[in-house]
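Going letter by letter, the sequence shown gives residues -19 to -1, 1 to 237 in mature numbering (1 follows the signal peptide of the UniProt record, and there is no 0). For each residue, glycine too, the CB sits at the ideal point set by N, CA and C. Below is one structure, written out as structure tokens, with a few remarks after it.
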Amino acid sequence: MMNIILSFFILLISVNVKGATFQDENNNIPKPIAYESVSQPNAMLIYDNKGHNKYLNAINDTFCDQSKNTKYAYEGGNYHLVITGFDISLDNSSYGIGHYFSKKKLEALKLGTKYFISYLKDRFRYLMSRYMYKYDFETNYATDLTILVDDLKSLIYDRFNYELKHNHIKIKKEPEDEKLKKRSRDIFKMLVQCSAIRLQGYIIKTIKDEDQIYLSKESSLYFTIALSNYQSRATYDFKFPEYEIVEADAKSLRKS
């Protein structure tokens, strides 16, 4: 299936992903395009509790605020990774994040959620910049996707407690109030520990040529990844990534 080609299209984007174009086989005028990444993560609660809805809304509102001007699309190695689905399930029991669902802890919940999404985006960037070179998603896609998932689980979950304890995770703009600072850190820690992440998206082959990157418009690896403290698994298929043609004066693509 990897050899299935949709005519002969080539996507052309700059190295810093500031813009994108494609040109067809007849050499028509290139048109600006963009792969549509998910706009923000979507948080869900495991247990149905109407009293928790306002706190779930606060988490999702924070995800929205922290995802502005963000494209969940990354460059690394010989690949361009686009996240098209990003769901986070949270254990809202009294032993999970539900312990912090109260009006008095709402400000700390928002701060802890801010730290959480910043941490996840940083882990994605780290994976793409430091790990992607070793994967071969053309001839060894099944094995290497499994390795990628294990690597991502290690980055997000397995090393978290050690790195937090030894201050390897940098938290920016913490509040001066010590009680609020401690509580927001505790919530951040709980969000990591009680979360389960589901990612969907494409891994697209890139071809580098001097200061430009070409994305081949062939069928690409489409993945569904499930991660938590206790599991890591993935399924895959081969699909043609959907793209949209944007207006000529539209804002350029940005990496996060």
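Residues near Gly57 by beta carbon distance below 6 Å, same chain, minus five either side: Met109, Ser110 and Met113
With 16 other Cβ atoms within 10 Å as the buried cut-off, status of Arg164: buried
beta-carbon Val130 near the ligand COA non-hydrogen atom, thresh 7 Å: With respect to the ligand COA, the structure offers nothing, as it holds no ligand at all.
Same chain only: Cβ atoms within 7 Å of Ala215, ignoring 5 sequence neighbours per side: Leu126, Thr127, Val130, Phe204, Thr205 and Ile206
Inter-stretch contact at 8 Å, needing at least 3 Cβ pairs: the region 67 to 78 / the region 139 to 150: no
Through-space distance from Arg179 to Asp139, alpha-carbon basis: 17 Å
Rounded straight-line distance, which links the Cα of Glu17 to that of Lys151: 30 Å
Contacting residues, own chain, Cβ-Cβ under 6 Å from Ile40 (five flanking each side not counted): Ala24 and Thr94
Cβ neighbours of Phe82 in the same chain (closer than 6 Å, five flanking residues each side left out): His33 and Tyr36
Straight-line gap, Leu161 to Phe44 (C-alpha atoms, nearest Å): 20 Å
Whole-number beta carbon distance between Ile185 and Leu196, since they are thought to touch under 8 Å: 5 Å
Gln47: first and last residue of the uninterrupted alpha helix (DSSP H) it sits in: Asn34 to Gln47
Buried/exposed call for Ala134, threshold 16 Cβ in 10 Å: Contrary to the premise, residue 134 reads as Lys rather than Ala in this sequence. Classification for Lys134: buried.
Neighbourhood of Tyr122 by C-beta, 7 Å cutoff - its chain only, sequence neighbours within 5 removed: Leu202 and Tyr217
DSSP beta-bridge partners of Gln181: Gly66 and Thr205
Three-state secondary structure (DSSP) of Asn50: coil
Segments assigned alpha helix (DSSP H), at least 4 residues, entirely inside the region 122 to 189: 122 to 134, 141 to 146 and 159 to 174
Tyr100: first and last residue of the uninterrupted beta strand (DSSP E) it sits in: Not the beta strand (DSSP E): Tyr100 falls in the alpha helix (DSSP H), residues Leu87 to Arg111.
Assumed close pair Ile27, Ser70 - CB separation to whole angstroms, cut-off 8 Å: 6 Å
Distance between Asn59 and Lys220 (C-alpha atoms, nearest Å): 18 Å
Whether Ile137 touches Leu92 by CB criterion (8 Å): no
Strand pairing of Lys220, partner residues [DSSP]: Ser201
Best match in Asp29, Thr51, Glu155 and Ala89 for proximity to Gln21 [C-alpha to C-alpha]: Thr51
Residue range of the beta strand (DSSP E) that includes Asn23: Asn23 to Leu26
Proximity winner among Tyr55, Tyr53 and Leu87, relative to Asn38 (alpha-carbon distances): Leu87
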